[in-house]
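Peer 1: One point on numbering: in the working numbering, the residue at position 374 of the sequence shown is 640, and numbering is uninterrupted.
Backbone N, C-alpha and C fix where the C-beta goes; we use that ideal spot for every residue, glycine too.
No experiment lies behind these values; they were computed from the predicted model shown.
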Amino acid sequence: MIAPSYTAILLFVLVPGLIFSLALLEPIPAALAAALTVASVATTLARTDWRLRPDWRLLGGATAVAAFLTLVSGVGHLVYQTDDWTVRDALLLDLVRYPWPIPYALDSFSGVLRAPIGMYLVPALVGKAFGPGAAEAALFTQNTALMALCLYVFARTAVFGRARWIVLGLFVVFSGLDCLAWAKRLYDGTPDNLLLPHLDPWPGFFQFSSHVTQVLWVPHHALAGWTFIAAYQAWRMGRLPALLMCPLWALTILWSTLPAFGAIPFLLFALASDLRDGKIRIGDFASAVAAGLGVLPVVIYITRDTAGLPQGFLDFTNMAVVQSYVSMMLVKVAPWLALAWEARDPKDGRTRWELAIIALVLAVLPIYKIGIANDFVMRASIPALALLCLRAAPAFATLGAQPMRQRVLAVAIVVLGAVTPAVEILRNTTGKAEAASVCNVWESLEDGPAAGTPRDYYIASDESMAVIPRLFRQPNSRPKTLRVHECWPGRSFVYRRPGT
Numbered sequence: 267m268i269a270p271s272y273t274a275i276l277l278f279v280l281v282p283g284l285i286f287s288l289a290l291l292e293p294i295p296a297a298l299a300a301a302l303t304v305a306s307v308a309t310t311l312a313r314t315d316w317r318l319r320p321d322w323r324l325l326g327g328a329t330a331v332a333a334f335l336t337l338v339s340g341v342g343h344l345v346y347q348t349d350d351w352t353v354r355d356a357l358l359l360d361l362v363r364y365p366w367p368i369p370y371a372l373d374s375f376s377g378v379l380r381a382p383i384g385m386y387l388v389p390a391l392v393g394k395a396f397g398p399g400a401a402e403a404a405l406f407t408q409n410t411a412l413m414a415l416c417l418y419v420f421a422r423t424a425v426f427g428r429a430r431w432i433v434l435g436l437f438v439v440f441s442g443l444d445c446l447a448w449a450k451r452l453y454d455g456t457p458d459n460l461l462l463p464h465l466d467p468w469p470g471f472f473q474f475s476s477h478v479t480q481v482l483w484v485p486h487h488a489l490a491g492w493t494f495i496a497a498y499q500a501w502r503m504g505r506l507p508a509l510l511m512c513p514l515w516a517l518t519i520l521w522s523t524l525p526a527f528g529a530i531p532f533l534l535f536a537l538a539s540d541l542r543d544g545k546i547r548i549g550d551f552a553s554a555v556a557a558g559l560g561v562l563p564v565v566i567y568i569t570r571d572t573a574g575l576p577q578g579f580l581d582f583t584n585m586a587v588v589q590s591y592v593s594m595m596l597v598k599v600a601p602w603l604a605l606a607w608e609a610r611d612p613k614d615g616r617t618r619w620e621l622a623i624i625a626l627v628l629a630v631l632p633i634y635k636i637g638i639a640n641d642f643v644m645r646a647s648i649p650a651l652a653l654l655c656l657r658a659a660p661a662f663a664t665l666g667a668q669p670m671r672q673r674v675l676a677v678a679i680v681v682l683g684a685v686t687p688a689v690e691i692l693r694n695t696t697g698k699a700e701a702a703s704v705c706n707v708w709e710s711l712e713d714g715p716a717a718g719t720p721r722d723y724y725i726a727s728d729e730s731m732a733v734i735p736r737l738f739r740q741p742n743s744r745p746k747t748l749r750v751h752e753c754w755p756g757r758s759f760v761y762r763r764p765g766t
């Protein structure tokens with residue numbers, strides 16, 4: 267039977283998908299997409315054993331950790347917010363104050379909001395009823411609950427009590443040994459303008475982010491990747507058929523396409539394993555097909571007008587790229603892979619395959635770039651990094667039985683890695699909190715750290731949205747234009763200071 271904790275995660279990502287269908291699609295496509303989506307999760311709901319009781323102590327610990335990280339991320343503007351929240355605040359505010367779909371216009375261009383909006387739809391509806399403050403509170407509640415459930419599922423996969431708490435703590439501090447790379451930069455005389463209160467981007471051309479960095483900068487990407495890994499862990503424990511992972515995977519696309527892409531190798535591995543073991547059922551296959559058909563409008567929506575995004579293969583004839591690549595793999599990946607390899611059960615061939623897939627995914631992703639800051643590598647790597655952390659966790663559950671040299675190395679990896687999330691938390695808790703701006707999405711792309719970002723990151727042209735007639739609803743409100751030219755006068759950002 268399926269555990270209620272996993273089904274609760276599924277419901278959290280299901281509701282925004284239904285809202286999207288009913289609010290942004292024409293009536294007939296909306297009804298079809300909603301019906302298919304509900305049908306895709308019906309089997310999971312039917313097989314859930316609601317009589318199972320949670321480990322309340324562990325769930326409470328996971329909730330406390332999730333609430334702290336969500337608060338420190340800047341939701342509610344009680345602490346400093348990272349640069350990426352400038353557009354995120356505008357997106358939530360626009361969804362609260364304007365009818366959907368939201369049109370924008372400037373000069374001869376006109377288009378509508380097109381973004382991974384899964385994280386925002388439920389809070390936006392709350393905000394429409396009770397105001398922007400309620401939307402922020404709903405966003406905090408939603409993100410805390412969903413993150414807590416993911417952390418709880420991760421911890422429950424450990425075999426006994428102490429190991430479960432180790433998983434919970436390790437997942438929070440998980441990071442590469444970024445402080446070593448930054449120490450070398452300091453020793454080499456790195457220019458001051460690169461010494462930011464943000465350690466992850468030291469490789470320059472690409473980045474594997476710590477878990478705390480993901481929460482503080484891009485929670486929708488993090489939650490999309492972690493919910494899938496929660497499903498994967500449920501499959502690994504024998505509590506969920508691989509085919510029933512497909513509905514959740516499809517629903518995460520509205521939250522973020524990049525972690526969904528990075529999850530594909532693990533989904534295929536699970537499907538191939540179940541096929542080999544003779545665990546494929548016709549009913550489960552029907553659920554997967556329904557999920558695929560139901561998510562098609564989301565895929566069409568999220569891919570409109572994206573051809574102009576900067577993308578292409580990195581130049582590995584450039585020795586600076588090669589040096590950054592090798593350094594990143596050695597500093598951010600190799601130590602954790604070594605721990606996970608030592609922690610594996612030698613009789614468990616499936617874990618060996620998993621570690622091989624993790625290594626391959628993390629080795630291949632940096633070859634290609636999408637986005638100005640190479641968002642593709644940073645976000646598509648989220649599932650692989652999360653699973654790598656979970657596979658390394660058993661090394662610490664049995665640490666006392668290991669030779670002294672191995673214990674010292676394992677503790678050193680954790681302590682040095684923990685510097686990165688510590689810097690992230692310290693920056694946000696000591697920096698000045700700022701009120702939300704009144705700027706709309708387009709205005710937020712013209713000022714602040716996002717200035718110069720192509721509009722097709724968040725806004726798709728009317729022509730691209732009309733590629734399939736009678737699929738998407740037409741806007742019924744006046745297009746939003748550029749009126750405010752200074753959204754955050756005098757504010758400091760991680761990547762920008764006042765006057766720069």
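So, Leu-415 versus Val-341, is the Cβ gap smaller than 7 angstroms?
Peer 2: Start at 1 with the first residue of the sequence shown, and residue 415 comes out as number 149. Start at 1 with the first residue of the sequence shown, and residue 341 comes out as number 75. Not in contact: Leu-415 and Val-341 (Cβ atoms no closer than 7 angstroms).
Peer 1: With which residues is Tyr-634 paired in a DSSP beta bridge?
Peer 2: On the sequence shown, residue 634 is found 368 positions in, with the first residue counted as 1. Its beta-bridge partners are Phe-579.
Peer 1: If we define contact as Cβ-Cβ less than 7 angstroms, is Ile-275 a contact residue for chain C?
Peer 2: Looking for chain C here will not work: only one protein chain is present.
Peer 1: Taking Ala-690 as the reference, which of Gln-347, Gly-327, Pro-632, Pro-293 has the closest Cα?
Peer 2: Taking the first residue of the sequence shown as position 1, residue 690 is located at position 424. It is worth fixing the name first, because residue 690 is Glu in this sequence and not Ala. Ranking the options by Cα distance to Glu-690, first place goes to Gln-347.
Peer 1: Give the list of continuous alpha helix (DSSP H) stretches no shorter than 4 residues that lie fully inside the stretch 305 to 358.
Peer 2: The qualifying runs are 322 to 338.
Peer 1: Could you tell me if Phe-437 is buried or exposed, where buried requires 16 or more neighbouring beta carbons within 10 angstroms of its beta carbon?
Peer 2: For this step, residue 437 is matched to residue 171 along the sequence shown. So Phe-437 ends up on the buried side.
Peer 1: Could you have a look at Val-561 and say whether DSSP puts it in helix, strand or coil?
Peer 2: For the purposes of this step, residue 561 is identified with residue 295 of the sequence shown, where counting begins at 1. DSSP places Val-561 in coil when its eight states are reduced to three.
Peer 1: Does Val-338 pass the burial test, meaning 16 or more other C-beta atoms within 10 Å, or should it be called exposed?
Peer 2: Sequence index remark: in the sequence shown, residue 338 carries index 72 (1-based). Buried: at least 16 other Cβ atoms inside 10 Å.
Peer 1: With the cut-off set at 7 angstroms, would you say Asn-409 and Pro-320 are in Cβ contact?
Peer 2: Locating residue 409 in the sequence shown gives position 143, counting from the first residue. Locating residue 320 in the sequence shown gives position 54, counting from the first residue. Going by C-beta atoms, Asn-409 is not nearer than 7 angstroms to Pro-320.
Peer 1: Per DSSP, what kind of secondary structure is Asn-459 in: helix, strand or coil?
Peer 2: The residue given as residue 459 occupies position 193 in the sequence shown. Residue confidence is low: Asn-459 scores 46 on pLDDT, short of 50, so the model does not pin down where it sits. Its coordinate-derived value is still stated next. Here Asn-459 sits in helix by DSSP.
Peer 1: Ignoring anything shorter than 4 residues, give me the alpha helix (DSSP H) runs that lie fully in the stretch 368 to 417, in order along the chain.
Peer 2: Qualifying alpha helix (DSSP H) stretches, in chain order: 387 to 396.
Peer 1: First and last residue of the alpha helix (DSSP H) that includes Ser-476?
Peer 2: Position 210 of the sequence shown, counted from the start, is the residue given in the question as residue 476. Run containing Ser-476: none; DSSP gives neither H nor E here.
Peer 1: Check each candidate in Tyr-418, Tyr-724, Arg-645, Gly-574 and name the one with the smallest Cα separation from Ala-497.
Peer 2: Residue mapping note: residue 497 aligns to position 231 of the sequence shown, counting from 1. Selected option, being the one with the closest Cα: Tyr-418.
Peer 1: In whole angstroms, give me the CA-to-CA distance for Arg-736 and Pro-293.
Peer 2: Here residue 736 corresponds to residue number 470 of the sequence shown, with the count starting at 1. Here residue 293 corresponds to residue number 27 of the sequence shown, with the count starting at 1. Going by the C-alpha atoms only, they are around 9 angstroms apart.
Peer 1: Determine the extent of the alpha helix (DSSP H) in which Ile-679 is found, giving its start and end residues.
Peer 2: Position 413 of the sequence shown, counting from 1, holds the residue named residue 679. Counting along the chain, the alpha helix (DSSP H) containing Ile-679 begins and ends at 670 to 696.
Peer 1: Out of Trp-483, Met-731, Trp-366, state which residue places its alpha-carbon closest to the alpha-carbon of Pro-715.
Peer 2: Position 449 of the sequence shown, counted from the start, is the residue given in the question as residue 715. Pro-715 has its Cα closest to that of Trp-483, out of Trp-483, Met-731, Trp-366.
Peer 1: Return the chain-ordered list of same chain residues with a C-beta closer than 6 angstroms to the C-beta of Arg-757, the five sequence neighbours on each side being excluded.
Peer 2: Here residue 757 corresponds to residue number 491 of the sequence shown, with the count starting at 1. Here the set comprises Glu-700.
Peer 1: Determine, using beta-carbon pairs with one atom in the stretch 706 to 724 and one in the stretch 348 to 363, whether at least three such pairs fall under 8 angstroms.
Peer 2: Yes: at least three Cβ pairs fall under 8 angstroms.
Peer 1: Taking C-beta to C-beta, are Gln-577 and Ile-636 nearer than 7 angstroms?
Peer 2: Along the sequence shown, read from residue 1 onward, the residue named residue 577 stands at position 311. Along the sequence shown, read from residue 1 onward, the residue named residue 636 stands at position 370. Going by C-beta atoms, Gln-577 is nearer than 7 angstroms to Ile-636.
Peer 1: So what's Phe-738 in DSSP terms, helix, strand or just coil?
Peer 2: As a first step, residue 738 must be located in the sequence shown, where it is residue number 472. Of the three classes helix, strand and coil, the one that applies to Phe-738 here is strand, per DSSP.
Peer 1: Can you give me the Cβ contacts of Asn-459 inside the same chain, cut-off strictly under 8 angstroms, excluding the 5 residues immediately before and after it?
Peer 2: In the sequence shown, counting from the first residue as 1, residue 459 sits at position 193. Because the pLDDT of Asn-459 is 46, which lies under 50, any placement of that residue in the model is unreliable, and the question is left without a value.
Peer 1: Which residue comes first and which comes last in the alpha helix (DSSP H) that contains Ile-725?
Peer 2: Translated into positions along the sequence shown, residue 725 becomes position 459. No alpha helix (DSSP H) holds Ile-725; the beta strand (DSSP E) holding it covers 725 to 727.
Peer 1: So, does the stretch 680 to 688 touch the stretch 621 to 640, judging by three or more C-beta pairs under 8 angstroms?
Peer 2: No: fewer than three Cβ pairs fall under 8 angstroms.
Peer 1: Go to Asp-540, then tell me how far its alpha helix (DSSP H) extends in each direction, as first and last residue.
Peer 2: Within the sequence shown, residue 540 is the residue found at index 274, counting from 1. Counting along the chain, the alpha helix (DSSP H) containing Asp-540 begins and ends at 523 to 542.
Peer 1: Assign Lys-545 to one of three DSSP states: helix, strand, or coil.
Peer 2: Reading the sequence shown from its first residue, position 279 is the one you call residue 545. DSSP places Lys-545 in coil when its eight states are reduced to three.
Peer 1: State the Cα-Cα distance for the pair Glu-608 and Pro-660, rounded to the nearest angstrom.
Peer 2: Locating residue 608 in the sequence shown gives position 342, counting from the first residue. Locating residue 660 in the sequence shown gives position 394, counting from the first residue. Whole-angstrom Cα-Cα distance: 9 angstroms.
Peer 1: Looking at C-beta atoms only, is the number of pairs between the stretch 504 to 524 and the stretch 470 to 480 that lie closer than 8 angstroms three or more?
Peer 2: No, because fewer than three Cβ pairs between the stretch 504 to 524 and the stretch 470 to 480 fall closer than 8 angstroms, the two stretches do not touch.
Peer 1: Kindly indicate which three-state DSSP category Leu-517 falls into: helix, strand or coil?
Peer 2: Residue numbering aside, residue 517 sits at position 251 when the sequence shown is read from its first letter. Helix, per DSSP.
Peer 1: Give the straight-line distance between the Cα atoms of Tyr-272 and Pro-365, rounded to the nearest whole angstrom.
Peer 2: As a working note, residue 272 is residue 6 in the sequence shown. As a working note, residue 365 is residue 99 in the sequence shown. For Tyr-272 and Pro-365, the distance between alpha carbons rounds to 33 angstroms.
Peer 1: How many angstroms separate the CA atom of Val-561 from the CA atom of Ala-516?
Peer 2: Residue 561 sits at position 295 when you count from the first residue of the sequence shown. Residue 516 sits at position 250 when you count from the first residue of the sequence shown. Taking the straight line joining both Cα atoms gives about 6 angstroms.
Peer 1: Ordered along the chain, which non-local residues of its own chain (more than five positions away) have a Cβ less than 7 angstroms from that of Phe-759?
Peer 2: For the purposes of this step, residue 759 is identified with residue 493 of the sequence shown, where counting begins at 1. Taken in chain order, the residues that qualify are Asp-349, Gly-714, Pro-715.
Peer 1: Between Ala-490 and Trp-521, how many whole angstroms is the CB-CB distance? I'm expecting something under 8 angstroms.
Peer 2: In the sequence shown, the residue the question calls residue 490 occupies position 224. In the sequence shown, the residue the question calls residue 521 occupies position 255. Correct: roughly 4 angstroms between the Cβ atoms.
Peer 1: Less than 7 angstroms between the C-beta atoms of Cys-445 and Leu-682, yes or no?
Peer 2: The residue labelled residue 445 in the question sits at position 179 within the sequence shown. The residue labelled residue 682 in the question sits at position 416 within the sequence shown. Yes. Within cutoff.
Peer 1: Which residue from Ser-730, Val-704, Ala-732 puts its Cα closest to that of Val-750?
Peer 2: Counted from its first residue, the sequence shown places residue 750 at position 484. Closest by alpha carbon: Val-704.
Peer 1: What are the start and end residues of the alpha helix (DSSP H) that includes Pro-660?
Peer 2: Position 394 of the sequence shown, counted from the start, is the residue given in the question as residue 660. Taken as a continuous stretch (DSSP letters only), the alpha helix (DSSP H) holding Pro-660 covers 660 to 663.
Peer 1: Mark Leu-357 as exposed unless 16 or more other C-beta atoms lie within 10 angstroms of its C-beta, in which case mark it buried.
Peer 2: For the purposes of this step, residue 357 is taken as the residue at position 91 of the sequence shown. The residue in question, Leu-357, is buried, as its Cβ has 16 or more Cβ neighbours within 10 Å.
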